[in-house]
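Number of protein chains: 2
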Amino acid sequence: MTRWLDDDEQHAWRSFLAASQVIQEELDRQLQRDSGMPHAYYAVLVRLSEAPERRMRMSELAAGVNSSQSRLSHAIARLEERGWVRRLPCPADRRVSWASLTDAGHDVLAAAAPGHVEAVRRCLFDRLTPEQTGQLAAICAAVLGERRS
Amino acid sequence: MTRWLDDDEQHAWRSFLAASQVIQEELDRQLQRDSGMPHAYYAVLVRLSEAPERRMRMSELAAGVNSSQSRLSHAIARLEERGWVRRLPCPADRRVSWASLTDAGHDVLAAAAPGHVEAVRRCLFDRLTPEQTGQLAAICAAVLGERRS
DNA sequence: TCAGTTTAGTTGAACTCTCAAGTTCTTGGG
DNA sequence: CCCAAGAACTTGAGAGTTCAACTAAACTGA
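Protein chains in written order, with UniProt numbering: chain A, 1 to 149; chain B, 1 to 149.
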């Protein structure tokens with residue numbers, strides 16, 4: 001009844017799991033060590049820094065970093081404690097909050113970025129040919145495509 | 001100074017992050033919902049079930065599931081509470097513990113496996129061509145290869 | 001109008017993971 | 001033989017994530 005994985009799939013699956021874990025852990029460790037934040041928080045700062053006026057609605061921001069609303073809410077609370085983000089009420093719809101990157105947050109991000117990019121290169125792109133980089137993008141696009149529910 | 005990511009790399013990187021997060025979360029949710037355990041614990045049970053006599057030293061097991069010793073120690077403590085794993089002292093070297101899969105643990109694993117494989121297919125292999133499966137394996141092998149430190 | 005539904009976001013508890021420190025045991029050189 | 005160094009594992013505290021429940025505000029249609 002169950003369609004088990006064949007040998008190729010089994011191998012690809014285990015390699016994928018190991019590789020994605022190794023990358024996640026390496027990035028988390030690097031950012032925690034050098035900038036005192038987990039990768040998820042870094043992603044929030046990046047996304048905010050790219051938004052017009054460096055601010056976004058909580059739910060947009062959550063979608064933009066693949067996070068649940070709850071997780072983002074906790075994360076923003078932490079980032080607010082550190083003075084890197086501020087919450088602003090939205091006059092047009094009072095259910096909505098804006099998250100806004102502060103100047104201090106922007107500075108922290110600018111300081112963290114070079115080391116982070118270096119880590120990304122070291123654990124991913126330095127190990128791939130340009131052709132493989134393209135293949136990876138296509139594979140990930142297929143995984144993300146037409147996602148239901 | 002910093003070698004920033006070019007457009008292709010930027011795109012590949014963000015796709016990869018999103019895809020691997022989506023897959024991780026989907027699997028975690030499925031296993032938690034249907035079998036009451038996180039994916040990391042499932043991996044421990046799988047690895048143990050494949051070992052001779054269904055038991056392994058803690059440090060081998062940790063390496064086998066890409067886990068730190070500390071994380072594994074906590075995980076085995078939980079799994080032991082549920083009666084799915086037992087710890088056995090090693091007579092030859094008294095620093096060593098064996099983790100051993102119980103019959104109950106084996107049954108739980110057997111019950112969890114079909115739903116898990118189905119989820120893996122749904123979120124990964126059903127979306128890839130066989131060629132892409134091979135490419136993914138090669139890419140992940142490159143990421144994992146010759147890892148120092 | 002207003003009751004019911006949907007949307008936005010927050011909160012608290014339970015759980016997992018990380019990091020640093022600690023315990024117990026083995027090993028290797030003097 | 002003995003002690004310092006290293007190895008195997010555990011522990012506890014702190015931090016992040018998840019889930020379900022909750023508040024508050026905005027729609028919807030009868």
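Every residue, glycine too, gets a C-beta built ideally from N, C-alpha and C. Predicted model, so just to flag it, every value in this text is computed and none were measured.
TODO: Starting from the Cα of residue 18 of chain B, find the closest Cα among A:26, A:18, A:4, A:43 and give me that residue.
DONE: A:43
- [ ] Have a look at residue 117 of chain B and residue 12 of chain B and give me their C-alpha separation to the nearest angstrom.
- [x] 26 Å
Open item on the list: With the cut-off set at 9 Å, would you say residue 33 of chain A and residue 101 of chain A are in Cβ contact?
Closed with: no
Task: Minimum Cβ-Cβ distance from residue 138 of chain A to chain B less than 9 Å - done: yes
Task: Distance between residue 130 of chain B and residue 5 of chain B (C-alpha atoms, nearest Å) - done: 29 Å
TODO: Assign residue 20 of chain B to buried or exposed, taking buried as 16 or more other Cβ atoms, counted over all protein chains shown, within 10 Å of its Cβ.
DONE: buried
- [ ] Go to residue 15 of chain A, then tell me how far its alpha helix (DSSP H) extends in each direction, as first and last residue.
- [x] 7-35
TODO: Could you name the residues of the segment 2-13 of chain A whose beta carbon sits closer than 7 Å to any beta carbon of chain B, in the order they occur along the chain?
DONE: 2, 3, 4, 5, 8, 9, 11, 12, 13
Open item on the list: Would residue 24 of chain A pass as an interface residue toward chain B - the criterion being a Cβ-Cβ separation below 9 Å?
Closed with: yes
- [ ] Mark residue 67 of chain B as exposed unless 16 or more other C-beta atoms lie within 10 angstroms of its C-beta, in which case mark it buried.
- [x] buried
Open item on the list: Within 9 Å of any Cβ in chain A, is that where the Cβ of residue 105 of chain B sits?
Closed with: no
Open item on the list: Can you tell me whether residue 39 of chain B sits near the ligand GTP, meaning its C-beta is under 8 Å from at least one heavy atom of the ligand?
Closed with: No copy of the ligand GTP appears in this structure; indeed no ligand is present at all.
Open item on the list: Within the continuous beta strand (DSSP E) that includes residue 89 of chain B, where are the two ends?
Closed with: 85-89
Task: Inter-stretch contact at 8 Å, needing at least 3 Cβ pairs: the segment 91-107 of chain A / the segment 49-63 of chain A - done: yes
Task: Simplified DSSP assignment, three categories, for residue 99 of chain A - done: strand
TODO: Kindly indicate the opening and closing residues of the beta strand (DSSP E) around residue 56 of chain A.
DONE: 55-57
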